[in-house]
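For the sequence shown, position 36 (counting from the first letter as 1) is numbered 32 according to the numbering used here, and the numbering increases by one without interruption. Ideal Cβ positions, reconstructed from N, Cα and C, are used throughout, including at glycine. Because the structure is a prediction, the values reported are computed rather than measured.
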Amino acid sequence: MIQLFVKTHKTTIVIATLVSNTIGNVKQDVFSALQQFEGHDENIPAITGLGEFEICRTRETGKFVIISTSGDAAHTTVKDVGLKAWERLFLRFRDANGNLEEVKVDIPPMTTEGEDDA
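Pasting the structure below:
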């Protein structure tokens, strides 16, 4: 069992999954988790289906890369996708025209202002 951190806006969703689980099932778990924020967090878009968002990961370059969850790719396992425990994933939502928006996420600093570096 591994945990994945799925981040959007100011929210982090922790998804616990087996490495043998499919990436399609992980997307379904993310969708289910997002449903609990509907009407409670104005930053998270209201979504009605799996096609309204994509899961992304970052590369060393800092660029966001979509993890394919359509067609046969939905049956690829978490292990085969190469996801690791505690990996941070990000969401890209679709706008009213079906176009993917950029990742919108606030990542807080590791230290607070004024903390000593000691």
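Integer-rounded CB distance, given that residue j should sit under 8 Å from residue i
i           : j          : result
residue 101 : residue 36 : Incorrect: roughly 18 Å between the Cβ atoms, too far for contact.
residue 99  : residue 52 : 6 Å
residue 42  : residue 34 : 5 Å
Member of the options whose CA lies at the smallest distance from the CA of residue i
i          : options             : result
residue 22 : 105, 70 and 96      : 70
residue 39 : 95, 87, 94 and 51   : 87
residue 10 : 66, 84 and 45       : 84
residue 47 : 59, 66, 29 and 58   : 66
residue 3  : 56, 60, 95 and 94   : 60
residue -2 : 45, 105, 103 and 82 : 82
residue 90 : 7, 24 and 45        : 45
Identified DSSP bridge partners for residue i
i          : result
residue 5  : 101
residue 54 : 60
residue 10 : 1
residue 87 : 51
residue 96 : 90
residue 18 : 73
Buried or exposed by the 16-neighbour rule on C-beta atoms within 10 Å, applied to residue i
i          : result
residue 97 : exposed
residue 1  : exposed
Other residues of its chain near residue i: CB distance less than 8 Å, five sequence neighbours each side excluded
i          : result
residue 92 : none
residue 77 : 19 and 63
residue 55 : 61
Other residues of its chain near residue i: CB distance less than 7 Å, five sequence neighbours each side excluded
i          : result
residue 17 : 73 and 74
residue 12 : -3 and -1
residue 79 : 0
Beta-carbon contacts of residue i that lie in its chain and below 6 Å, excluding the five residues immediately before and after
i           : result
residue 29  : 9
residue 68  : none
residue 105 : none
residue 24  : none
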